[in-house]
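Everything below concerns the one structure shown next.
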Amino acid sequence: MTETAPASSRSTPGPNGNQRGVRLSRKARRTQLLGAARDVFAAQGYHAAAMDDIADRAGISKPVLYQHFPSKLELYQALLTTYAQELVGRLREAIEATNDNQQRVHGAVAAYFDFVAGEGEAFRLVFESDLRGEPEAAAVLDNALSDCIDAVADAVTTDAGLNRDRARLLSVGLVGLSQIAARYWLDSGQAVPKQEAVALMSSLAWRGLAGFPLVHDQPAEEH
């Protein structure tokens with residue numbers, strides 16, 4: 481199934497260069513709308529943004545926007561879910577890509593730096609949302625944070641032999657360090673090249689985590 485904007489707006493370019501009236505599949509149109517909404521929400525915040533702004537940004541009429549997202553809240557929640565899942569996916573991929581724990585730490589830190597440097601400042605929706613007072617939005621963000629912590633804790637529990645509570649506490653430290661450092665790096669103008677910034681922060685984190693021995697590498701006790 482394809483969609484097109486109303487005839488009255490065909491061939492008129494939107495603010496982002498999209499041609500109004502271009503036929504898109506429903507999936508492609510949804511992706512386009514999410515991209516436009518990301519830009520508007522990241523720039524203006526939830527409360528200041530208007531559906532008119534998002535429709536203009538996407539180069540479509542507001543009725544077409546409402547066909548996909550009946551309300552601004554539903555659109556915002558869809559964005560939060562999309563980018564929260566992206567962050568969790570990046571982190572899990574980094575953890576699961578290797579059995580080398582030093583490389584895992586480096587990959588985890590890099591996942592946060594790559595996320596904040598991504599297109600459209602989507603990270604601001606996840607880390608700086610002005611809609612945390614909305615229970616459903618807060619649940620999306622809280623679940624994403626918990627999933628990130630669990631991704632790290634799974635490795636720490638297995639390799640350091642710590643119980644779940646202690647492993648999660650260490651994981652909160654790594655996740656918090658990565659998130660805050662990445663946001664500071666971006667907002668301070670990226671004065672340090674990204675690869676070097678990742679190396680610095682992962683080195684700091686690794687020197688702490690390396691103090692916990694790998695239980696499966698410990699020699700067997702002599703009798």
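Here the sequence shown stands for residues 481 to 703, numbered as in the numbering used here. The C-beta atom is built at its ideal place from N, Cα and C for all residues, glycine as well.
Taking the alpha carbon of residue i as the reference point, which residue from the options has its own alpha carbon closest?
i           : options            : result
residue 600 : 524, 507, 688      : 524
residue 620 : 641, 565, 674      : 565
residue 529 : 622, 605, 665      : 605
residue 534 : 516, 551, 547      : 516
residue 674 : 624, 650, 591, 641 : 591
residue 538 : 520, 558, 598      : 520
residue 676 : 593, 603, 581, 518 : 593
residue 553 : 598, 507, 562, 616 : 616
residue 563 : 582, 580, 581, 518 : 518
residue 596 : 507, 511, 678      : 678
Can you tell me whether residue i is buried or exposed, with buried defined as 16 or more other CB within 10 angstroms of its CB?
i           : result
residue 639 : buried
residue 588 : buried
residue 556 : buried
residue 637 : buried
residue 684 : exposed
residue 660 : exposed
residue 664 : exposed
residue 551 : exposed
residue 624 : buried
residue 658 : buried
residue 609 : buried
If you draw a straight line from the alpha carbon of residue i to that of residue j, how long is it in whole angstroms?
i           : j           : result
residue 667 : residue 613 : 25 Å
residue 505 : residue 688 : 50 Å
residue 680 : residue 586 : 9 Å
residue 542 : residue 560 : 21 Å
residue 568 : residue 540 : 31 Å
residue 669 : residue 662 : 11 Å
residue 656 : residue 503 : 43 Å
residue 509 : residue 548 : 9 Å
residue 647 : residue 571 : 16 Å
residue 635 : residue 654 : 12 Å
residue 682 : residue 652 : 15 Å
residue 686 : residue 558 : 35 Å
residue 522 : residue 602 : 7 Å
residue 513 : residue 532 : 12 Å
residue 527 : residue 643 : 42 Å
residue 650 : residue 598 : 27 Å
residue 607 : residue 672 : 22 Å
residue 544 : residue 622 : 31 Å
residue 627 : residue 645 : 15 Å
So what does DSSP say about residue i, is it helix, strand or coil?
i           : result
residue 626 : helix
residue 642 : coil
residue 504 : strand
residue 615 : helix
residue 699 : Its pLDDT being 48, under 50, residue 699 is placed unreliably by the model, and nothing is read from it.
residue 540 : coil
residue 687 : helix
residue 486 : Note that residue 486 scores a pLDDT of 45, beneath 50, so its modelled location is shaky; the value from the coordinates is reported in the next line. Reduced to three states, the DSSP call for residue 486 is coil.
residue 529 : coil
residue 634 : helix
residue 519 : helix
residue 658 : helix
residue 603 : helix
residue 667 : helix
residue 581 : helix
residue 588 : helix
Could you tell me whether any non-hydrogen atom of the ligand FMN is closer than 8 Å to the CB of residue i?
i           : result
residue 674 : In terms of ligand content, the structure shown is empty, and the ligand FMN therefore cannot be addressed.
Flag this pair as touching only if the stretch 626-643 and the stretch 575-583 have three or more C-beta atom pairs under 8 Å; answer yes or no.
yes
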